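K.L.:
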Amino acid sequence: MKFHEWFAASLVVLVGSVAFLSLFSYTGSLAYETFWQDERLERETQIAGVDVSEMSEDEAVTAVQAELDQWENQATVSLVWYDEKRTLSNETFSFDVDESVERMFAGEGRTEGLSVSVNEQDIREHLSEFSFTDNPDDRIDVETLTAELEERVSQLPVEDLEKNVHLYLYAEEQPEETIVASTQRQLPADQQGIAGTIGTVEIPPGAAFSMLDVLDENGPGTESSDELAVIASVVYETLLHSNFEILERSQRYELLDEVPLGFDAAVVPGQRDLVFRNPNADTYELEINEQNGSVEASLYGLPFPYDIRVSVEEMAEIEPKTKVRFSSSRAEGDREVISEGHPGYHIRTVRHISLQNVQDTEEREEVVSEDYYPPENRLEEWSIEERYKEEEEPEEEWQDPNGDTDPDGQNGWDPNGNGQDPDDWDPNGGTDPDEHNGWDPNGDWQDDNGGQWQDGSENDWQNGENGSSGQDQNGSGWQPGDSPGSDNGGTAPGQDEESDFTQPGTGGNGENGTGPGDSGTTGQGGDGPGTGTGGLAPPAGDDEEDEEEELPIKGH
């Protein structure tokens, strides 16, 4: 065999061998895939948002189940109606992952949601928990709500799912949007037209309304003014008649004439703001208009299922004081009221909320704010001469009935005028505070055994040198003399110059019994009791000289 023939034969054998091996490998692999290998999903295949491309059935089930477990632990599904929310439990939903994967392998599509069923009875029970209605089945299309819940939950949404029950009310139960609250107020004379630049502000569900943000976006309101305070006040009062939540609100120090008590709202750029939050599941619009020197705020949207009432309770009214300022330009007696002043107030604003069309419900009270406004004092202007006159006049001092400055009315100069505390002079001039010894009410002198006035009813002078033994008939305590100027005078109390107590002094020999007596001895004669030279008698109440002596102690 020639060389070229041999080479050609070898080449044919080699090519045939390669072709055979390739065909065998392909047919073997095809046979394996056909008879033994698991079926896999096509590319770009998803189940409930989970990418299961080219996965086998077991792999797809594992991937989807892991995503479902994570969703159940993190996501929430809720029913919302106005400002109330009811969260559904995981038991409300029943998922079938295997069925979902099988449908994908059956070629029903490349994008599929999870197979899920919703417990309709559980939905009805949650709807009955809303406080707006007693019979949800009569107002709400529960079947449609349940079906749409299944569709949304089957996709395992990443965000929390909320279904607005209001959208599933029967047509005859659907209320129309309207103005739910409105307030109008007169603007101050120096208005700048801020209100006319604001217009309509949309407040989405769960969003907050900021007065300063609205002014920055819609108007030039960059400076604090009385006009801005009035605009904030009408917005504040309007939103108080809704179920909007108050997040921030401040009062002014002084209330404007255009703003009623309880509805004051201070807005100061960069410092104080008025902020509300819409807690409802629906959007509301706040419209602010200016017309004919007044501003009006209106809240537009679905009517609330509440009766909302706002009251302002006056807790206290503080009366103003009168203050005087003195002016050298006024003549004496010339007075003028500069400012009448006004009272202060401590008030409380309360929002009262009660449900409509629901029996046996109590009214709920919410204390929105407590404000205090100090009084403005009345101001008068007087002549400065009146101030000097007041300063020159001595201050009037208080005295009790005994003329002293002691509020007990007893110490100091007491009824006996001894100027001592305690009272050494009893009502009859004695030195014994028991009012029996000394000169007591019965006028006895118990010093020696002779010549004393007996205490008791007899009141006579016994064994005295100058007195008789007859009884005192007039009860005076002094034995009467035979005639004026007789020697039957009695003793009078005197005071030893070196002692602090009183002793009887000798009666004088004068016609009226007022001559000097020797301290410490029994006196002779006289019509009546004489005063010893060392005696201390109570000062007479009408003695002009004594009143002058009391002047230096006034005010002590």
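Per this note's numbering, the sequence shown starts with residue 16, numbered consecutively. Think of the CB as a built atom: it goes at the ideal place given N, C-alpha and C, for glycine as much as any other residue. Fair warning: this is a prediction, and the values are worked out from it, not measured in the lab.
Which of helix, strand or coil does DSSP assign to Y299?
P.N.:
Of the three classes helix, strand and coil, the one that applies to Y299 here is strand, per DSSP.
K.L.:
Hey, how far is the Cα of S71 from the Cα of V79?
P.N.:
Cα to Cα, S71 sits roughly 12 Å from V79.
K.L.:
Output the distance between the C-alpha atoms of L202 and E305, rounded to the nearest integer angstrom.
P.N.:
Distance between the alpha carbons of L202 and E305 is about 9 Å.
K.L.:
Would you tell me roughly how many angstroms separate the C-alpha atoms of K178 and P318, rounded to the nearest one?
P.N.:
Whole-angstrom Cα-Cα distance: 19 Å.
K.L.:
Taking 8 Å as the threshold, find out whether the segment 359 to 370 comes into contact with the segment 388 to 398 through three or more Cβ pairs.
P.N.:
Yes, they touch.
K.L.:
When the Cβ atoms of the segment 125 to 135 are set against those of the segment 165 to 174, are three or more pairs found closer than 8 Å?
P.N.:
With a cut-off of 8 Å, the segment 165 to 174 and the segment 125 to 135 count as touching, because enough Cβ pairs lie within range.
K.L.:
Can you tell me which of V195, V250 and A204 puts its alpha carbon nearest to the alpha carbon of G214?
P.N.:
Residue V250 is the option with its Cα nearest to G214.
K.L.:
Taking the alpha carbon of V112 as the reference point, which residue from L83, S265 and E106 has its own alpha carbon closest?
P.N.:
Nearest of L83, S265 and E106 to V112, Cα basis: L83.
K.L.:
Just to confirm, are E252 and Q206 a CB contact at a threshold of 8 Å?
P.N.:
Going by C-beta atoms, E252 is not nearer than 8 Å to Q206.
K.L.:
For V173, which of V65, R340, K336 and S326 has the nearest alpha-carbon?
P.N.:
Of the candidates V65, R340, K336 and S326, the one whose C-alpha sits nearest the C-alpha of V173 is V65.
K.L.:
Beta-carbon within less than 8 Å of A223's beta-carbon, same chain only, minus the 5 sequence neighbours each way: which residues are those?
P.N.:
The residues are L262, V290, F291, R292 and N293.
K.L.:
Beta carbon of E269, beta carbon of V245: below 8 Å?
P.N.:
No; because the gap between Cβ atoms is not below 8 Å, this pair is not in contact.
K.L.:
With a threshold of 7 Å on Cβ separation, who are the neighbours of E385 within its own chain once the five nearest residues in sequence on each side are excluded?
P.N.:
Taken in chain order, the residues that qualify are R363.
K.L.:
Whole angstroms are fine: how far does the CA of L182 sit from the CA of I138?
P.N.:
I138 and L182: Cα-Cα distance of roughly 15 Å.
K.L.:
Are there three or more Cβ pairs, one per stretch, closer than 8 Å when the segment 367 to 377 is compared with the segment 314 to 329?
P.N.:
As far as the Cβ criterion goes, the segment 367 to 377 touches the segment 314 to 329, which means the pair count is three or higher.
K.L.:
With respect to the beta strand (DSSP E) encompassing D322, which residues constitute its N-terminal and C-terminal limits?
P.N.:
Taken as a continuous stretch (DSSP letters only), the beta strand (DSSP E) holding D322 covers Y321 to I333.
K.L.:
Can you grab the Cα-Cα spacing for the pair R379 / T159, in whole Å?
P.N.:
Between R379 and T159, the C-alpha separation is close to 34 Å.
K.L.:
Need the endpoints of the alpha helix (DSSP H) that V382 sits in, please.
P.N.:
Segment R379 to Y388 is the beta strand (DSSP E) holding V382; no alpha helix (DSSP H) there.
K.L.:
Determine the contact status of V327 and G277, defining contact as a CB-CB distance below 8 Å.
P.N.:
A contact, by the Cβ cut-off of 8 Å.
K.L.:
Provide the residue span of the beta strand (DSSP E) that contains V76, from first to last.
P.N.:
Here V76 belongs to no beta strand (DSSP E); instead the alpha helix (DSSP H) covers E72 to Q89.
K.L.:
Figure out for me which residue from L301, V27, E396 and E311 has the closest Cα to the Cα of Q337.
P.N.:
Reading off the sequence shown, one finds Thr at residue 337, where the question assumed Gln. For T337, the nearest C-alpha among the options comes from E396.
K.L.:
Mapping the DSSP letters down to three states, classify A186 as helix, strand or coil.
P.N.:
In the structure shown, A186 sits in a helix (DSSP, three-state: H, G or I).
K.L.:
Does the distance from the C-beta atom of I399 to that of S343 stay below 8 Å?
P.N.:
Yes, they are a contact pair.
K.L.:
Can you give the beta carbon distance from I155 to V180, rounded, assuming they're within the 8 Å contact cut?
P.N.:
Right, their Cβ atoms sit about 6 Å apart.
K.L.:
Counting along the chain, where does the alpha helix (DSSP H) carrying F120 start and finish?
P.N.:
V112 to F120 is the span of the alpha helix (DSSP H), which, as asked, contains F120.
K.L.:
Pick helix, strand or coil for N105, following the three-state DSSP scheme.
P.N.:
In the structure shown, N105 sits in a helix (DSSP, three-state: H, G or I).
K.L.:
Express the C-alpha separation of E311 and E144 in angstroms, rounding to a whole number.
P.N.:
If you take the alpha carbons of E144 and E311, they lie about 38 Å apart.
K.L.:
What residue range is occupied by the uninterrupted alpha helix (DSSP H) comprising L160?
P.N.:
Its alpha helix (DSSP H) spans residues V157 to V168.
K.L.:
Helix, strand or coil: how does DSSP classify I246 here?
P.N.:
Of the three classes helix, strand and coil, the one that applies to I246 here is helix, per DSSP.
K.L.:
Would you grab the beta carbon distance between I194 and S313 for me? Rounded to a whole angstrom, and I think it's under 8 Å.
P.N.:
With 8 Å as the limit, I194 and S313 qualify as a contact, their Cβ atoms being about 5 Å apart.
K.L.:
Between P220 and T298, how many whole angstroms is the CB-CB distance? I'm expecting something under 8 Å.
P.N.:
6 Å between Cβ atoms; contact.
K.L.:
Roughly how many whole angstroms lie between the Cα atoms of R340 and E334?
P.N.:
So the two alpha carbons sit approximately 20 Å from each other.
K.L.:
Assuming V383 and L301 make a contact with CB atoms under 8 Å, what is their CB distance in whole Å?
P.N.:
Incorrect: roughly 18 Å between the Cβ atoms, too far for contact.
K.L.:
Go to R200, then tell me how far its beta strand (DSSP E) extends in each direction, as first and last residue.
P.N.:
Element bounds for R200: T193 to Q201.
K.L.:
Which one or two residues does DSSP pair with N304 in a beta bridge?
P.N.:
Paired residue(s): E311.
K.L.:
Enumerate in chain order the residues of its own chain whose CB-to-CB distance from P8 is below 7 Å, with the five nearest sequence positions on each side excluded.
P.N.:
Nothing in the structure corresponds to residue 8, since the chain is present only between 16 and 571.
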